[in-house]
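Asks: Under this note's numbering, think of the first position of the sequence shown as 110, with each following residue one higher.
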Amino acid sequence: MVCCLLSMTGSGFTSVPPTQKAVVVVPASKVGHDVLQPPVPKNEIPITPVKEKEKVTETITISFIGDCLIATASGGKQAGSLNWTASHRPASYFFEKVDDILKSDDFTVANCENVFTDSAFTPIKKSGRAFWFRSAAKNAFIFQSGGVDIVSIANNHTGDYGKAGFLDTIKALENAGLQVGYNNLPVLVEKNNIRIGIICCDLWGYSHYKRTIKQLKDIQPDTDIQIVYFHGGQENIHRPEEWKKSAARKIAEAGADLVVGGHPHVLQPMEVYQGVPIVYSIGNFVYGGNRQPENRTIIFQSSFEIIDGKTSVSYSIIPCYVYTKIANNWQPDRIKDQDEKNRVLDFMHGNRKLPY
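(1) Unbroken alpha helix (DSSP H) runs of length 4 or more, entirely within the stretch 199-234: which are they?
(2) When you compare only the Cα positions, how much space is there between ILE416 and THR332?
(3) From which residue to which residue does the beta strand (DSSP E) around LEU107 run?
(4) Ignore the nearest five residues each way along the sequence and tell me which others in SER201's own chain have a CB closer than 6 Å to its CB.
(5) Tell me whether the beta-carbon of HIS266 lies closer than 8 Å to the beta-carbon of PRO378.
(6) Counting pairs of Cβ atoms below 8 Å between the stretch 171-185 and the stretch 206-225, do you hit three or more?
(7) May I ask you to report which of helix, strand or coil DSSP gives SER261?
(8) Which of helix, strand or coil does DSSP assign to GLN187?
(9) Rounded to whole angstroms, what is the Cα-Cα separation between TYR318 and PHE225?
(10) Whole angstroms are fine: how far does the CA of SER355 sit from the CA of PHE252?
(11) Taking C-beta to C-beta, are SER411 and PRO386 nearer than 8 Å?
(12) What's the C-alpha gap between ALA239 and ASN399?
(13) Taking the alpha helix (DSSP H) that GLY271 falls in, what are its first and last residues?
(14) In three-state DSSP terms, what is LEU325?
(15) How is the beta strand (DSSP E) around VAL337 delimited, first residue to last?
(16) Nearest by alpha-carbon distance to THR231: which of GLN324, ILE346, GLY268 is it?
(17) Just the C-alpha distance for VAL453 and ILE169, rounded to the nearest angstrom, thanks.
(18) Can you tell which of TYR382, GLY397, GLY384, HIS372 has the C-alpha that lies nearest to the C-alpha of ILE391?
(19) Does the beta-carbon of ASN192 have 16 or more other beta-carbons within 10 angstroms, so that it is buried, or is it exposed?
(20) Pick from GLY274, VAL296, ASP311, ASP258: whose alpha carbon is nearest that of ALA285?
(21) Could you tell me how far apart the beta carbons of SER244 and THR181 are, in whole angstroms, since I believe they sit closer than 8 Å?
(22) What number of angstroms, rounded off, separates the C-alpha of VAL395 from the C-alpha of ILE303?
(23) Please state the DSSP three-state secondary structure of LYS445.
(24) Between ALA365 and VAL337, is the Cβ-Cβ spacing less than 8 Å?
(25) Under the three-state reduction of DSSP, which class applies to GLN288: helix, strand or coil?
(26) Can you check which of these residues, ASN293, VAL207, GLU350, is closest to LYS323 by C-alpha distance?
(27) Return helix, strand or coil for PRO330, following the three-state DSSP convention.
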């Protein structure tokens, strides 16, 4: 469990080393050749400085990006759509304006809300307004080329084409060199001697926190850091529901070091609860499901530092656009205007009603 938190909105933090006491060395008197020297008084005996035990420090930085829909509705390829763009642009196009950030961290985690398959599966029927999203298996490499390492498929769209489509999606992502997490399979990774467990899960109602906590307890003996990346809540609202806040806090109380949420397709503010950062909605990122989605998102970076077995966490928020043209060009970019950045940051910290 994280023992302290430094909240940041810019670059990382600098640790201040403990004050070291000065050691004064008193040399012995010079010894002459013809004079017998008296013993050196105790208070003048040379002091040999004791070398302070070196502290063992390990750090790791993980970036989180929001809902990614690397597809077009029903697998369409109409001109200008994401699927069409993927056929006319290199895989690197989609993340190229932010990949310097995502490639310089230790791990980047994304949520994938579509099926990757080359088969013509029949979509699964759903009640109410239904959308089905799929694209070619090769498009899973879009994640890999952009610096993404871990993908959650615990959401309401990776089952759009049934179990066969779900399994094809896992295969395509793994073939692209990505680690995949879903409701029954946490992602376990290790770097810099730090073992990280990421639970990717649905959270559609308050009681669902219980199964998440069970998974959390299962991985705690084998991991140093435990993160929950959940999918749930109401779409298109800028404030988390009270049940979702209560559920996320229960997860934090159970030992999670970081809790990040998705699904609303817009940003929702974060909080720090008992030393644990909770981001209730991280919004969209590369999002092929809408020509004009809300055009604000973030990259949420969390840095974990372990010093002699004690863990601290800092975080930074990088405000971004979801797209950079009049309509969605499927290419997020960081926001450069300082006033616009500040509006996003103020919103994420609960000091503003909207992020724009």
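Idealized CB from N, CA, C, for every residue including glycine.
Replies: Concretely, from the data shown:
(1) 208-211
(2) One-based indexing of the sequence shown puts residue 416 at position 307. One-based indexing of the sequence shown puts residue 332 at position 223. Between ILE416 and THR332, the C-alpha separation is close to 16 Å.
(3) Nothing can be reported for residue 107, as the shown portion of the chain is limited to 110 through 465.
(4) Residue numbering aside, residue 201 sits at position 92 when the sequence shown is read from its first letter. The answer, listed in chain order, is SER254.
(5) The residue given as residue 266 occupies position 157 in the sequence shown. The residue given as residue 378 occupies position 269 in the sequence shown. Taking 8 Å as the Cβ cut-off, HIS266 and PRO378 do not qualify as a contacting pair.
(6) yes
(7) As a working mapping, residue 261 is identified with position 152 in the sequence shown. Correct three-state label for SER261: strand.
(8) Position 78 of the sequence shown, counted from the first residue, corresponds to residue 187. Reduced to three states, the DSSP call for GLN187 is coil.
(9) Translated into the one-based positions of the sequence shown, residue 318 becomes position 209. Translated into the one-based positions of the sequence shown, residue 225 becomes position 116. Rounded to whole angstroms, TYR318 to PHE225 spans 29 Å at the Cα level.
(10) Sequence index remark: in the sequence shown, residue 252 carries index 143 (1-based). Sequence index remark: in the sequence shown, residue 355 carries index 246 (1-based). Cα to Cα, the separation comes out at about 32 Å.
(11) Counting from 1 along the sequence shown, the entry for residue 411 is found at position 302. Counting from 1 along the sequence shown, the entry for residue 386 is found at position 277. Going by C-beta atoms, SER411 is nearer than 8 Å to PRO386.
(12) Counting from 1 along the sequence shown, the entry for residue 239 is found at position 130. Counting from 1 along the sequence shown, the entry for residue 399 is found at position 290. Distance between the alpha carbons of ALA239 and ASN399 is about 14 Å.
(13) Looking up residue 271 in the sequence shown gives position 162. Run containing GLY271: 271-284, per the alpha helix (DSSP H) assignment.
(14) The residue you call residue 325 lines up with position 216 of the sequence shown. Residue state, collapsed to three classes: helix.
(15) Residue 337 sits at position 228 when you count from the first residue of the sequence shown. First-last of the beta strand (DSSP E) with VAL337: 334-340.
(16) For the purposes of this step, residue 231 is taken as residue 122 along the sequence shown, with counting starting at 1. For THR231, the nearest C-alpha among the options comes from GLY268.
(17) Sequence index remark: in the sequence shown, residue 453 carries index 344 (1-based). Sequence index remark: in the sequence shown, residue 169 carries index 60 (1-based). If I take the Cα positions, the gap works out to 25 Å.
(18) Taking the sequence shown and counting its residues from 1, the one referred to as residue 391 is at position 282. Out of TYR382, GLY397, GLY384, HIS372, HIS372 has the C-alpha closest to the C-alpha of ILE391.
(19) Taking the sequence shown and counting its residues from 1, one reaches residue 192 at position 83. Classification for ASN192: buried.
(20) Position 176 of the sequence shown, counting from 1, holds the residue named residue 285. It is ASP258.
(21) Here residue 244 refers to the residue found at position 135 when the sequence shown is read from its first residue. Here residue 181 refers to the residue found at position 72 when the sequence shown is read from its first residue. Contact holds; Cβ gap of about 7 Å.
(22) Taking the first residue of the sequence shown as 1, we reach residue 395 at position 286. Taking the first residue of the sequence shown as 1, we reach residue 303 at position 194. Computed Cα separation, rounded: 29 Å.
(23) If you number the sequence shown from 1, residue 445 lands on position 336. It is coil, neither helix nor strand.
(24) As a position in the sequence shown, residue 365 is number 256, starting the count at 1. As a position in the sequence shown, residue 337 is number 228, starting the count at 1. Closer than 8 Å, so yes.
(25) For the purposes of this step, residue 288 is taken as the residue at position 179 of the sequence shown. The answer is strand: DSSP assigns GLN288 an E or B state.
(26) For this step, residue 323 is matched to residue 214 along the sequence shown. Answer by Cα proximity: ASN293.
(27) As a position in the sequence shown, residue 330 is number 221, starting the count at 1. If DSSP states are grouped into helix, strand and coil, PRO330 belongs with the helices.
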